[in-house]
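Peer 1: Okay, so the sequence shown: first residue is 3 according to the working numbering, each after it adds one.
For every residue, glycine included, the Cβ atom is placed at its ideal position computed from N, Cα and C.
Take a look at this one; I'll ask things after.
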Amino acid sequence: MIPRYVVDFDLDQLPRIETDVIVIGAGIAGLFTALKLSETKQVLMITKKSLFDSNTRYAQGGIAAVMSDEDSPDFLAQDTLIAGAGLCDAAAVDVLVHEGPQGVQELIRYGTNFDEEDGHFALTKEGAHSQRRILHANGDATGFEIVRALADKVKSDPRIELWDDHLVLDLLTEEGECRGALVQKPDGTRVAVFGRATILCTGGAGQLYRYTTNPEVATGDGVAMAYRAGADIRDMEFNQFHPTSLCYPGAPRFLISEAVRGEGAYLRNIRGDRFMENYHPQLELAPRDVVARAIVSEMEATKSTYVYIDITHETPELIKHRFPTIYEYCLNYGLDMTTDWIPVAPASHYMMGGVKTNLHGETSIQRLFACGEASSTGVHGANRLASNSLSEAIVFGQRIVDAVNKLSPNKTTADNSSGSERHAALTGALIERRLKLQKGMVRYAGLRRDRAGLLKGLDDLKKQLPLFQLCLTKREELEYANLLTCALLVTESALSREESRGGHYREDYPQRDDLNWHRHTIMNRENGIRTERVDGDV
Ligand code: SIN
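Quick look at the structure:
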């Protein structure tokens, strides 16, 4: 079993710091909530690397919101619910589609510049969207522009204290409340921080898989800490694989935005044939899980490790103007998007599940909140609609701020760990363990799963559990412990859900089963696994 704490500590021996609110993580969720909170509160923002190391920074396509007269909240809600394959919470979707435009205005107020055309926002389309409604910045550098604007403001805000290169090891709790966090400083010493609220904005866990569009910091730290602390974790079996990441010798799995297909690109197998008409009426803009599995089928049929994305029929001007980052990146590897088909393959991209929250970002532990990819608000269901994640972070970030502002000060005591029993250090090459976990997740809990594979994967993961009896101190050791925790959550949830839906495809249960499985999966460290009705279910 995963223990309550990943390290031993004695609070009486540790320095203590008190603040109003602790924000953990520095993607859009962390930056935005910290800025909004700082209007009334003192904020301590903690990130394990820097303000520029997050998934947000790499977001290309953009941010979905209803910003034009041709669009409506009902249309966006409809698209979100269809993509979510019956598992979205209707009330959460309603919040997202109605409060998104206000959130976008707030980003603009903080200095984000979105692309415009003829005096209006330039809006693009992505998979499974019925309208052009995706705002973008500098063509395909939306996340970078948002982080630039928000990080500038955070750095100059006197009410936000920023701790970068600091590792949050565990959440501190007592009497069912979160009191703060145990933090390891860059020099290895530890400190206990206390606040009236703690907000997990720690992003996703793309590093669970060998191939991912996510940066190396995406190791599921928030979900793992919340699970250890006893929070409900929801729907971890739903992982989104982005259909098109660059697949070229020597190149990292760089994202080739869905917006490229939104602007008309084709997918072709290695024989040069377009194939999406064999899989879905929406062709290249079908839901991501459909496109990703179609690509894998074509790869298998042609005995290839990739397919091509082809936008050479568009003008070089359009390609370079809309996709300057992708164009330059590919060019670095000798691939010219204006003349070459680009080799691509699916890669892990987004975690639909996470720490379960209500409509105010509150988790099942009082005073513990979760926001962004670390959370499971109910917006994404079984499959996130492209570009809904940045809007989710700001909409629910604002709601968390409203809830935190109503909280009274917290106690500054917490439970101690149960005693110092971990003495032995981890030996052997950690990088090999991480690689083995990532390869196992691709093989047994990837795009296609079955019972036998999931059981094998689970068995392999459980063999790693003695790691928790060791004295873990380095960042990579603690990240591995968090990845192992998340891998177990994904695999166990995937094993329990005996149907196929959205980002979870079981070859042994290939049909969606609404009769038995129109339900969320909940995992709790103390109470085990259970299912729960989908809100709005009739
Ligand atoms: C993309 O640009 O394709 C990614 C957008 C997203 O995942 O929301």
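Out of Arg451, Asp461, Thr35 and Asn418, state which residue places its alpha-carbon closest to the alpha-carbon of Leu184.
Peer 2: Leu184 has its Cα closest to that of Asn418, out of Arg451, Asp461, Thr35 and Asn418.
Peer 1: So, helix, strand or coil for Thr304, using DSSP?
Peer 2: Coil at Thr304, not helix or strand.
Peer 1: Does the region 383 to 403 come into contact with the region 106 to 115, if we say contact requires no fewer than three beta-carbon pairs (one atom in each stretch) closer than 8 angstroms?
Peer 2: At 8 angstroms Cβ cutoff, the stretches touch.
Peer 1: Between which two residues does the alpha helix (DSSP H) carrying Met227 extend?
Peer 2: Counting along the chain, the alpha helix (DSSP H) containing Met227 begins and ends at Asp223 to Ala231.
Peer 1: Tyr213 and Ala349 - do their beta-carbons sit closer together than 7 angstroms?
Peer 2: Yes, these two residues count as a Cβ contact at 7 angstroms.
Peer 1: Where does Ala220 land, buried or exposed, given buried means 16+ other C-beta within 10 angstroms?
Peer 2: Looking at its Cβ environment, which holds 16 or more other Cβ atoms inside 10 Å, Ala220 is buried.
Peer 1: Can you have a look at Gln177 and say buried or exposed, based on whether 16 or more other CB atoms are within 10 angstroms of its CB?
Peer 2: First, the amino acid is wrong: residue 177 is Glu here, not Gln. That one is exposed.
Peer 1: Can you check which of these residues, Pro326, His131 and Leu164, is closest to Gly27 by C-alpha distance?
Peer 2: Nearest C-alpha to Gly27: Leu164.
Peer 1: Closer than 5 angstroms is what we want: which residues have a beta carbon that near any heavy atom of the ligand NAP? List them in chain order.
Peer 2: No copy of the ligand NAP occurs in the structure displayed; its ligands are the ligand SIN alone.
Peer 1: At which residues does the alpha helix (DSSP H) containing Met443 begin and terminate?
Peer 2: Leu432 to Ala447 is the span of the alpha helix (DSSP H), which, as asked, contains Met443.
Peer 1: Need the endpoints of the alpha helix (DSSP H) that Tyr507 sits in, please.
Peer 2: Per DSSP, Tyr507 belongs to no alpha helix (DSSP H) and is neither H nor E.
Peer 1: To the nearest angstrom, report how far apart Lys458 and Ala447 are at their CA atoms.
Peer 2: Rounded to the nearest angstrom, the two C-alpha atoms are 10 angstroms apart.
Peer 1: Would you check if the distance between the CB atom of Tyr201 and the CB atom of Val262 is smaller than 7 angstroms?
Peer 2: Looking at the sequence itself, residue 201 is Ile, so the reference to Tyr does not match. Against a cut-off of 7 angstroms, the Cβ pair of Val262 and Ile201 comes out as no contact.
Peer 1: Identify every run of the beta strand (DSSP E) within the region 127 to 185, keeping only runs that are complete inside it and at least 3 residues long; order them along the chain.
Peer 2: Counting whole runs of 3 or more residues, the region 127 to 185 contains the beta strand (DSSP E) stretches 162 to 165 and 169 to 176.
Peer 1: Can we say the region 201 to 211 touches the region 22 to 38, given the rule of at least three CB pairs closer than 8 angstroms?
Peer 2: Yes, since at least three Cβ pairs between the region 201 to 211 and the region 22 to 38 fall closer than 8 angstroms, the two stretches touch.
Peer 1: In whole angstroms, what separates the C-alpha of Tyr352 from that of Thr493?
Peer 2: So the alpha carbons of these two residues sit roughly 16 angstroms apart.
Peer 1: Apart from the five residues just before and just after Leu460, which ones in its own chain have a Cβ nearer than 6 angstroms to its Cβ?
Peer 2: Cβ neighbours of Leu460 beyond the five flanking positions: Thr493.
Peer 1: Thr341 to Val25, Cα distance in whole Å?
Peer 2: Rounded to whole angstroms, Thr341 to Val25 spans 46 angstroms at the Cα level.
Peer 1: With distances taken between CB atoms, is the gap from Thr327 to Asp142 smaller than 7 angstroms?
Peer 2: Going by C-beta atoms, Thr327 is nearer than 7 angstroms to Asp142.
Peer 1: Return helix, strand or coil for Val9, following the three-state DSSP convention.
Peer 2: Coil at Val9, not helix or strand.
Peer 1: May I ask which residues mark the beginning and end of the alpha helix (DSSP H) holding Asn57?
Peer 2: That residue, Asn57, is in no alpha helix (DSSP H); it is neither H nor E in DSSP.
Peer 1: For Glu534, report the span of its beta strand (DSSP E) as first-last.
Peer 2: Element bounds for Glu534: Gly530 to Arg535.
Peer 1: Just verifying my parser: in three-state terms, what is the DSSP assignment at Thr359?
Peer 2: If DSSP states are grouped into helix, strand and coil, Thr359 belongs with coil.
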